[in-house]
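Numbering of the sequence shown is given in our numbering, commencing with residue 6 and proceeding in unit increments. Beta carbons are placed, not taken as given, at the ideal position from N, Cα and C, and that holds for glycine.
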Amino acid sequence: GKHVYRAGSAPTISHNTLVKRGVILWAHGRSATDTYCLTLRRSARMNFCRHMKEGFNTKHASGVLLRKKRLERCGKDGQLLTHIKPSHVRNSSRTDVRSPEDLFAAARGAGFEVVVAVYRHNALAR
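Dropping the structure here:
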């Protein structure tokens with residue numbers, strides 16, 4: 006694809022040359038993240054990492070432990086949208102992502118360049 010420039014308009018990039026940056030939504034639960042993630046997924050045509058909004062939530066049957074190789078696989082497969090809760094990062098010998106610093110370093114290397122941090126003071130009640 007070619008870059009197309011028109012006088013008086015913003016540059017248009019064809020779909021083939023579009024570079025997407027991975028997005029991590031860093032938020033606790035009950036913060037109205039479903040709506041945000043689904044809107045971003047549709048409008049930016051992004052795919053969820055592991056085909057799930059919270060692919061690293063081990064409380065869900067399909068969730069798995071957060072590991073560097075799993076983030077890399079998502080990046081390689083073009084699955085560049087995920088919601089990671091602080092509770093998904095564990096100081097455990099079973100993972101190589103034990104701190105927020107580990108997470109963001111691994112994520113950056115896997116193509117996740119944008120972090121949207123959500124803090125809702127009055128988190129939604131269950």
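From Val-69 to His-93, what does the alpha carbon distance come to, in whole angstroms?
Your numbering for residue 69 matches position 64 in the sequence shown. Your numbering for residue 93 matches position 88 in the sequence shown. Computed Cα separation, rounded: 10 angstroms.
Determine contact between the segment 57–66 and the segment 80–88, defined as no fewer than three beta-carbon pairs at a distance below 8 angstroms.
The segment 57–66 is in contact with the segment 80–88.
Which term fits Ala-152, buried or exposed, when burial requires 16 or more other beta carbons within 10 angstroms of its beta carbon?
This structure cannot speak to residue 152, because the chain is shown only from 6 to 131.
Quick one: which unbroken alpha helix (DSSP H) runs of 4-plus residues sit fully inside the segment 63–125? Chain order, please.
With a minimum length of 4 residues, the continuous alpha helix (DSSP H) runs that stay inside the segment 63–125 are 73–81 and 105–114.
Along the chain, where does the beta strand (DSSP E) containing Gly-27 start, and where does it finish?
In the sequence shown, the residue the question calls residue 27 occupies position 22. Taken as a continuous stretch (DSSP letters only), the beta strand (DSSP E) holding Gly-27 covers 27–32.
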